[in-house]
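Residue numbers (this note's numbering), protein chains in the order written: chain A, 115 to 497; chain B, 115 to 497; chain C, 115 to 497; chain D, 115 to 497.
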């Protein structure tokens, strides 16, 4: 048994969880538990959608999704002795589903990186099976995704100064809808000042937060900076599996529980002074046997972009989707597959002007043999 | 012995190689050899610098580098029966140094992705040793880079229409110096019309070209589209080793020879219609035992960028360099290490507005034990 | 949900399980379920010890262990259409603990390969933690074993002729205690003729059986011959983790449940005619980062053996145990660690007379950092 | 350049190499070079056959092979300051062919582990190609073996006491032909006392010697005990590639050169007291994508053996050969493939009386696609 365990009311939204769950970053949140360095703690977590998505074949829930309730995260956890300048060293010990159903949606309001191409709502419900070792979806038959669970969101409370800085730099983008300003009405905690001042959890920032790194599987070690006394670590947005970049904006999103061992490295952050995350990737995850790589460069619709890795990513995705469609999938299915399947996305070109280049390493193991048979001509040319 | 072998005059610049080497893309280049599908061919190649860099401790050669001579590439190779709509299936069978000396330079005129931070010229000369299995540099002591050779440039001749399209889309960037227009005076072949019309080799494009993909090691299979009758494949810019993105603009650049097996898949390109490269990565390359990952988000100097993976890449590099400096390296040394050492660069965030996120997987195996001892406090927290 | 599910009475011995569990091989056992090719089936299984071992610090249970009750296995499963000459193609989809406690014992009556050196009873109780992803034991502190679950026993019913053959060839060893003859008194099913004729499950044989192959983790594909109509597959002796060879005679032994997908390859066995197992190893298992290898040759106590891989194995184990003791473990602890930790055991020499050679690849990841610090002098010489 | 380089006369037998090459172990051999701890040294080596085998299609050379000339090894190398109780820490930095032709023979006088089944002489000549990255043989078409070079023999001089002990324990086997006694007539050095007293190099022993470990590829670190003042390390019997166990008695055997870095760990052997080799495996070697495993148990021709891993190995080989023959090979070809192809041989059963079990992990990557097409029915069942 872990040293600490935080449980939630089953299937109930964040607002009903008696302040164990919050959905904004703020230095003044009250810890729900205090632990000692070296302790193990297990936390139940609500999925990113706050139980708004349903296991149906309809996309009405996707259309009506209230995104201001994203992400319900569990915490904060205070760590005895933690002071700014320290690192929390978090080891991922376990992640498991609660309900055993996950979702991956294409949400028109958000859309992901290919929103313009796939503007329509699409939802795939994924059922974990075989002891949560694999997930399958009736909405995307012929694909079996092995578990590689990781937390989408894990982060510490920002200092008051850092919070202010976030608003300063992001607020110019609020009006264009390119960043999310505070939405006090759905903020948790709902206390007025906090709701008004707190930051949305959508982007990753200096406190980690919504990093969505698929390599944070079991055994990974995370160096997370302490920015307020006690550290105040929160976790949520658990993913059953994901492809690099979570390109539709959705992994296989699930409610679940996560177990962490939280160490404290006094003075570590002060010494290494890293602005952004440092970690050792996990060592317990599936090992795919064969991959094919599909590239993209930053040219789109005849337009030349300049060292734009984001456009190159779009092109790499489009190139890969074109292949996946040859296996008998629709565009939205293929796009979703890329967002959930453990694919790896590499930047290979970032200096050869004007073209940035990105490659998608697609694992073939996730597809049924009968699907792969449709591209046997191509496969006959590889190992 | 391969079926075909193209040799060059030792140590002589491209202009002296009797039309076996060219440095521009054009559909009308005359093939230097014709081969049959399934043949193996070995080609000697000049380094990207066209023998302008020297094995000295001075950076005068870097300052004077004439970049318009980049890249001297060997070819074209015509493949019997190849027609537009086909794929050449190229297998990388071997790559080896010729002179055994390679260079990695920070060139002020170019600068790479962190040009603003490292504006000064820097040059590291790398000597291949132990049968070309490793490279070391007196300019960056304490690092040993294992061989993972690959071609920086490999590509087919563009059709006339595609060449025209390249100029159309890239020419708006010429004046800002964000793309390279024709430089007829140093073009090879030097025939007037070709020199004037041909495209520079700097960026990768639909014909592959300067892809700089470090995973194209031995055993990789490349699906390269045929765009003119015969395919007209050319190769060069060999790298002894590289990190993803070749972030300073230089891998360990070398003169060398490459052996390929060239298959022909009739109608493959017409069927799969991929605009951008498809390949199976190589299986013969070093396997690093331990990596640490350093992330970056698209915030720089207090400015918030919007889903800008390029800025995120910059930040990830800066974060990694900060760590490498703790091992006792200068900034230019650390920046160079990232460009040559086999690091892997992943896009982990591309949808969580406004922050894109990129991670650098740094292999610890390349550093001497005495260097790693300087960060023993950090290493004591990982596996 | 799997297509079929066989449940047992919780914590109750095989004799109380109403014929769902047997512990002998015989062609005439009545199937407990019939499935169709392609079906998934989940089976609960009793540990090899038939619930004789207890989670205590005493070894009284080890001393009194009735080995004739080994192994309780669940089945048989009949597969529609299966005929001799076919292969069952079993895919391992999931394995999980039931009680969450496992045991690894050194049993004096059996002793394993180093019985003479470690004749005393020793028991380590292992508790699965973190969602059954790791196991730890208060009897062997400082070791954390990641899950790599696999079935110790999986096999089909032998034909009557094959059963007879087994007795013929093994019976000469019965009297020396080098093989186990029938023990009718504890046989299940207890029906007299079957109890008398049936074969013990201890060794692997042509029907697979107690193969104890640690690589049969999730995703592995097993080609198991059909020897009687319907195949009659049975499974049990689940292991949470094991080292190659299961050298003490005990892995981390557990009660648990296993999910399989059972395909039928008509005529496969007739075509390939393999006497012994063929399989593709699993792809979902931990990836250790660093190993050290310890060898052994077939010389013992000054005596030279002739190409004896078994003595070489003993020597390799002794050599590895000597190292593990430097980490602060007793001999029985070290011996147990080898039997449970995922080590890999290779035959490197089998022809260079007179010495056979065996190597043990020991993963260092299983040991706490504080243990590894004790051999820092050695580790400072490796990567 | 390495600090030291030992060259040989090209293509000339050991007896013509002016005492740089010896073929027996003895404490009194005079070093040919003295180096300092930390130095790199490159040594040219004659193949195990002492240039008796020829690149022909005849087996006359195999039949006439004088095995008493095995193994010509280069050395000894004295290390300054090395004393009994120390470890030499040898790092493998490079191995390359000299002539570029290697041999793998089935020698009737020796025969390997399946001598009884394949009693006839067979020889395959292998030509290294593509810069020595691959080897192919006209005698075994359809197989391409990637380089994984390693030294068959590497060892230190035995002390006088240890040499005496070797003779004591091995001499009882001399008469049966189960071990090799001194053959003074072909011994090198030929000095009478040494020739008479020295030990043959065929088996590995406490001084390492003919370990034939295929994992000693580039980057491996070997802890070799110092048994006489100066250590007196010798190396030879280079292999281009091998399968575990070198089951026919021949890898792809070649003349070549090897580069080592030799460190000295004072007191290391005294502290760790290992009788047998300890090493960290190399990290620069091919990574196969798909393997199939073929098992064997210790039953042969109806006879039951008792925990006999050697018989189990035989059975595993026979099982694998049966599969390889389905790809269109003869028995001797298939047997040779196993001895050279990088297969891995695991002991999975060594305690489940009476059956020992061994598995052969066969890499499918070495076979041409046209060969694998012959077993497409089997491959269609795996990933």
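Every residue, glycine too, gets a C-beta built ideally from N, C-alpha and C.
Pick from the options that is closest to residue i, judged by C-alpha positions
{"i": "residue 137 of chain B", "options": "B/187, B/178, B/152", "result": "B/187"}
{"i": "residue 163 of chain A", "options": "A/178, A/399, A/132", "result": "A/178"}
{"i": "residue 146 of chain B", "options": "B/349, B/184, B/436", "result": "B/349"}
{"i": "residue 245 of chain D", "options": "B/388, B/371, B/413, B/387", "result": "B/371"}
{"i": "residue 165 of chain D", "options": "D/123, D/194, D/200", "result": "D/123"}
{"i": "residue 141 of chain A", "options": "A/158, A/447, A/275", "result": "A/275"}
Beta bridge counterpart(s) of residue i as assigned by DSSP
{"i": "residue 319 of chain D", "result": "D/322"}
{"i": "residue 208 of chain D", "result": "D/373"}
{"i": "residue 348 of chain D", "result": "D/269"}
{"i": "residue 332 of chain B", "result": "B/398"}
{"i": "residue 221 of chain A", "result": "In the DSSP output, where bridge partners are listed per residue, residue 221 of chain A has none listed."}
{"i": "residue 115 of chain D", "result": "Bridge partners of residue 115 of chain D: none, in fact."}
{"i": "residue 139 of chain C", "result": "C/313"}
Residue i vs residue j beta-carbon contact at 8 Å
{"i": "residue 467 of chain D", "j": "residue 316 of chain C", "result": "yes"}
{"i": "residue 472 of chain A", "j": "residue 361 of chain B", "result": "no"}
{"i": "residue 398 of chain C", "j": "residue 263 of chain A", "result": "no"}
{"i": "residue 283 of chain B", "j": "residue 418 of chain A", "result": "yes"}
{"i": "residue 516 of chain C", "j": "residue 346 of chain C", "result": "Any property of residue 516 of chain C remains undetermined from this structure, which presents chain C solely from 115 to 497."}
{"i": "residue 358 of chain A", "j": "residue 211 of chain A", "result": "no"}
{"i": "residue 285 of chain A", "j": "residue 139 of chain A", "result": "no"}
{"i": "residue 431 of chain B", "j": "residue 452 of chain B", "result": "yes"}
{"i": "residue 185 of chain B", "j": "residue 257 of chain B", "result": "no"}
Min CB distance residue i to chain B below 8 Å
{"i": "residue 398 of chain D", "result": "yes"}
{"i": "residue 485 of chain C", "result": "no"}
{"i": "residue 494 of chain C", "result": "yes"}
{"i": "residue 121 of chain D", "result": "no"}
Euclidean distance between Cα positions of residue i and residue j
{"i": "residue 402 of chain D", "j": "residue 259 of chain A", "result": "23 Å"}
{"i": "residue 476 of chain D", "j": "residue 171 of chain A", "result": "45 Å"}
{"i": "residue 445 of chain D", "j": "residue 223 of chain D", "result": "18 Å"}
{"i": "residue 150 of chain A", "j": "residue 320 of chain A", "result": "24 Å"}
{"i": "residue 386 of chain B", "j": "residue 230 of chain A", "result": "23 Å"}
{"i": "residue 198 of chain A", "j": "residue 125 of chain A", "result": "36 Å"}
{"i": "residue 304 of chain C", "j": "residue 298 of chain C", "result": "7 Å"}
{"i": "residue 487 of chain C", "j": "residue 494 of chain C", "result": "10 Å"}
{"i": "residue 159 of chain B", "j": "residue 130 of chain B", "result": "13 Å"}
{"i": "residue 463 of chain A", "j": "residue 194 of chain C", "result": "55 Å"}
Cβ of residue i within 8 Å of any chain C Cβ
{"i": "residue 482 of chain B", "result": "no"}
{"i": "residue 260 of chain A", "result": "yes"}
{"i": "residue 395 of chain D", "result": "yes"}
Below-8 Å beta-carbon distance, residue i vs any chain D residue
{"i": "residue 324 of chain C", "result": "yes"}
{"i": "residue 193 of chain C", "result": "no"}
{"i": "residue 479 of chain A", "result": "yes"}
{"i": "residue 423 of chain C", "result": "yes"}
Any C-beta of chain A under 8 Å from that of residue i
{"i": "residue 436 of chain B", "result": "yes"}
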